[in-house]
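Okay, structure first, notes after.
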Amino acid sequence: MRVATVTPAAPQISLDRVQKTYPNGTVALRDVTLQIPKQDFVFLVGPSGAGKSTLVRLLIREEKATAGTISVEGQDLSRLKRRHLPYLRRKIGMVFQDFKLLPNLTVFQNVGFALRVTEGALRHLKPKVEEVLSIVGLEGKENKYPDQLSGGEQQRVAIARALVHDPRIFLADEPTGNLDPATSWEIIQLLLQINARGTTVLMATHNREIVDVMRRRVVAIEGGQIVRDEDAGGYHAPALESH
Amino acid sequence: MHRLWNRIDFAFSSAWQNFWRNAAVSVASVLIVWVVLLALGSLLLVLHSLDQIVAIEKTKASAISVYLADTTPLSSAMDFKLHLEQDPRVTNVAYVSKDQALARFRQLPALDPSVIDTLGTNPLPASLDVTVRDIRDLGAIDQEVRNSPLVDKSPATNYEPNVIDKIILLARVAGIAGLVLIVGLTGLSVFIIMLTIRTAIYLRRKEIEVMKLVGATDWFVRWPFIVEGLIVGVAGAAVAVLIVGFGYRPAVINLQSVLIFVPLAFDPSYLRIVLAAMLGFGLLLGSVGSYLGVRRFLKQ
Ligand SMILES: Nc1ncnc2c1ncn2[C@@H]1O[C@H](COP(=O)(O)OP(=O)(O)O)[C@@H](O)[C@H]1O
Ligand SMILES: [Mg+2]
Chain W
326 MRVATVTPAA PQISLDRVQK TYPNGTVALR DVTLQIPKQD FVFLVGPSGA
376 GKSTLVRLLI REEKATAGTI SVEGQDLSRL KRRHLPYLRR KIGMVFQDFK
426 LLPNLTVFQN VGFALRVTEG ALRHLKPKVE EVLSIVGLEG KENKYPDQLS
476 GGEQQRVAIA RALVHDPRIF LADEPTGNLD PATSWEIIQL LLQINARGTT
526 VLMATHNREI VDVMRRRVVA IEGGQIVRDE DAGGYHAPAL ESH
Chain Y
-7 MHRLWNRIDF AFSSAWQNFW RNAAVSVASV LIVWVVLLAL GSLLLVLHSL
43 DQIVAIEKTK ASAISVYLAD TTPLSSAMDF KLHLEQDPRV TNVAYVSKDQ
93 ALARFRQLPA LDPSVIDTLG TNPLPASLDV TVRDIRDLGA IDQEVRNSPL
143 VDKSPATNYE PNVIDKIILL ARVAGIAGLV LIVGLTGLSV FIIMLTIRTA
193 IYLRRKEIEV MKLVGATDWF VRWPFIVEGL IVGVAGAAVA VLIVGFGYRP
243 AVINLQSVLI FVPLAFDPSY LRIVLAAMLG FGLLLGSVGS YLGVRRFLKQ
């Protein structure tokens, strides 16, 4: 289990005995209790169908927990009113395996879109978009369309878009799932950089190599239950648990 | 200010894109709105004209014109006038000569004076215009004067006992039929606008997904679709308003030349009310249709 450290006063993300059963009866999460303090960098690992994406969807309340409590930034998500949901989402940056870019918009417009649709004042739009594009290293590609970019570049656009609201939490659901190993490492470097700027990062992945090399906190989930939670962990538990 | 402007700009530019992106469906909904409003505008004007006619007929109701044969000498006509004036039921009798009748006829609003001039002779009969104390006596007097040899036979008088009732009945039937038609068309147009909006939502599903993901509010997501519905309503209304606005006067003039004795008049102040009502109803159709379109489909 998790090696004891000094626990900060209130974790930024906290799940307490969370269960999730989908309407079709599939039990995706059984009894998940997990706490993530500010500025943590956490890998969420586990086989396909383990419940990683479900956990992520619960954190942005794309789904509601069936039982248990989830709190994010001090807010109890089960009691969060629908009209307050957009403001929660603005505090959380989120990227996916499939990037979710809009094909008819340029890189600049895709990133700016997140500001436009959240009623950011338009005069702040350009400097902000330029700032996040330089963080992800895409200066000079502003006017390209997604299909003119490599997979790694597209994921950087998605990351830039997730950063425009200066999120306190960054969630990545298999962000390297569609990328080759070299590109995957670049994306990981970017996430580390974002984490180093003070943002909490939770990354669901089954990229074993990355997890093993990084030696960061690893939360392993299987069949909807947390089976391991280690600081500086690897993808698999050590083969021999010697004392 | 900037935020508000951004919101409006986004809603209108997306709505405009939506409108053209599924142009066929959008045009269909504009057409149906147009038909509804055309029916509404026409019905209101027809009913108003019938009302006007009823009002004028009512003021004329206590009098009849007794047409005199062209062969009647003036002295006999004056005797006949005197005879009628002695009747206790009659309050007043006025003699209208053939020339006076022609002069009156010329004053009818829609008439082209040259039409009469081409006839050469004056086709209108002289008449005795008899006013009675009680409208209910008109029928009896009509019967009596018809027997006089002085009276023209085609027609003898302008007495039409049921004309008002007939017009009122006509107005009622037209009103009910028009209302049923408009209610049906209204339902149909709201339904078609709703389908248009759902098509637009479907075509934008990726954008909507991203909008929700990055924290757009529900209303920010909805507005473009509501605006699209309003565009449909305004576009349909605009065409209908132009047609009714420019068509009403020529229609009245044409009808006047056919129905010479019907007191049909052009009423510009009522026309303005009708046009405003059409525009308002177009906006209502658009907003109700699009609200129904977004209501269920933007819940996640
Ligand atoms: N929307 C859904 N409706 C029903 N079942 C679902 C849904 N999403 C995921 N599941 C099921 O829940 C379980 C966990 O899925 P998921 O969270 O996607 O796992 P992972 O991301 O670890 O692969 C799986 O059995 C999956 O089939
Ligand atoms: Mg998944």
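So the sequence lines, in the order shown, correspond to chains W and Y.
In this text, residue positions in the first sequence follow our numbering: the first is 326, and each later residue adds one.
In this text, residue positions in the second sequence follow our numbering: the first is -7, and each later residue adds one.
Using N, Cα and C, we set each Cβ at its ideal position, and we do this for glycine too.
Once DSSP output is grouped into helix, strand and coil, what is the label at residue i?
i, result
"SER249/Y", "helix"
"ILE385/W", "coil"
"GLU136/Y", "helix"
"ARG553/W", "strand"
"VAL266/Y", "helix"
"LEU234/Y", "helix"
"VAL538/W", "helix"
"GLN360/W", "strand"
"ARG164/Y", "helix"
"THR379/W", "helix"
"THR83/Y", "strand"
"ARG355/W", "strand"
"LYS427/W", "Just to set this straight, residue 427/W is Leu in the shown sequence, not Lys. The answer is coil: DSSP assigns LEU427/W none of H, G, I, E or B."
"VAL206/Y", "coil"
"LEU256/Y", "coil"
"THR524/W", "coil"
"VAL442/W", "coil"
"ASP401/W", "strand"
"ASP472/W", "helix"
"SER5/Y", "helix"
"LYS416/W", "coil"
"GLY274/Y", "helix"
Quick one: list the residues of chain Y neighbouring residue i, beta-carbon separation under 9 Å, in chain order.
i, result
"TYR412/W", "GLY207, THR209"
"ARG415/W", "VAL206, GLY207"
"ARG541/W", "The premise fails here: ARG541/W is roughly 25 Å from chain Y at the closest Cβ pair, so nothing lies under 9 Å."
"ARG382/W", "None at all; the shortest Cβ gap to chain Y is about 11 Å."
Can you list the residues of chain W that residue i reaches, using a CB-CB cut of under 8 Å?
i, result
"GLU201/Y", "LYS425"
"ARG(-1)/Y", "GLU444"
"PHE2/Y", "ARG441, VAL442"
Could you work out which residue in the options is closest to residue i when comparing CA atoms only?
i, options, result
"ASN520/W", "ASP491/W, GLU499/W, ALA545/W, PRO506/W", "ASP491/W"
"PHE424/W", "PRO336/W, ARG542/W, GLY523/W, LEU504/W", "LEU504/W"
"VAL82/Y", "MET70/Y, ILE185/Y, SER54/Y, SER67/Y", "SER54/Y"
"ALA61/Y", "PHE97/Y, LEU271/Y, GLY207/Y, SER119/Y", "SER119/Y"
"GLY364/W", "TYR347/W, TYR470/W, GLN337/W", "The question names Gly, yet the displayed sequence has Gln at residue 364/W. Answer by Cα proximity: GLN337/W."
"PRO260/Y", "VAL244/Y, VAL254/Y, PRO115/Y, LEU251/Y", "VAL244/Y"
"GLU555/W", "VAL370/W, ALA335/W, ARG493/W", "VAL370/W"
"SER282/Y", "TYR240/Y, ILE160/Y, VAL213/Y, ILE265/Y", "VAL213/Y"
"ALA497/W", "VAL420/W, VAL454/W, GLU464/W, GLU534/W", "VAL420/W"
"VAL85/Y", "LEU76/Y, THR178/Y, ASP91/Y, GLN92/Y", "LEU76/Y"
"ALA93/Y", "ARG241/Y, LEU251/Y, SER57/Y, VAL124/Y", "SER57/Y"
"LEU222/Y", "LEU263/Y, ALA3/Y, ARG264/Y", "ALA3/Y"
"PHE366/W", "VAL552/W, ILE551/W, ARG553/W, MET539/W", "MET539/W"
"SER68/Y", "LEU161/Y, VAL46/Y, VAL143/Y", "VAL143/Y"
"PRO216/Y", "TRP(-3)/Y, GLN9/Y, LEU263/Y", "GLN9/Y"
"ILE385/W", "ALA375/W, VAL397/W, HIS449/W, HIS531/W", "VAL397/W"
"GLU499/W", "ASN532/W, LEU383/W, LEU488/W, VAL489/W", "ASN532/W"
Within 10 angstroms of its Cβ, does residue i collect 16 or more other Cβ (buried), or is it exposed?
i, result
"LEU66/Y", "exposed"
"LYS377/W", "buried"
"MET70/Y", "exposed"
"TYR347/W", "exposed"
"TYR194/Y", "exposed"
"ARG542/W", "buried"
"ASN429/W", "exposed"
"PRO117/Y", "buried"
"THR525/W", "buried"
"LYS451/W", "exposed"
"GLU199/Y", "buried"
"ALA354/W", "The sequence as given places Leu at residue 354/W; Ala does not occur at that position. Flag for LEU354/W reads buried."
"VAL457/W", "buried"
"ILE265/Y", "exposed"
List the residues of chain Y that residue i touches, going by C-beta distances under 8 Å, in chain order.
i, result
"HIS490/W", "VAL206, GLY207"
For residue i, go through chain W and note every residue whose CB falls closer than 7 Å to its CB, in chain order.
i, result
"PHE11/Y", "Per Cβ cutoff of 7 Å: no residues; PHE11/Y is ~16 Å from chain W at best."
"PHE212/Y", "VAL442, GLU444"
"LYS198/Y", "LEU427"
What residues of chain Y sit near residue i, judged by a beta carbon separation below 7 Å?
i, result
"MET419/W", "LEU205"
"ALA439/W", "VAL206"
Is any beta-carbon of chain B found at less than 9 Å from that of residue i?
i, result
"ILE395/W", "No chain B is present in this structure, whose protein chains are W and Y."
At least three beta-carbon pairs within less than 8 Å, the segment 37 to 49 of chain Y to the segment 158 to 175 of chain Y: yes
Would you call the segment 16 to 27 of chain Y in contact with the segment 224 to 236 of chain Y, where contact means no fewer than 3 C-beta pairs closer than 8 Å? yes
Are the segment 399 to 416 of chain W and the segment 464 to 483 of chain W touching by the rule of at least three beta carbon pairs closer than 8 Å? no
Using a Cβ distance threshold of 8 Å, determine whether the segment 7 to 14 of chain Y contacts the segment 146 to 161 of chain Y, with at least three qualifying pairs required. no
Three Cβ pairs or more, each shorter than 8 Å: is that satisfied between the segment 431 to 445 of chain W and the segment 494 to 514 of chain W? No, the segment 431 to 445 of chain W does not touch the segment 494 to 514 of chain W.
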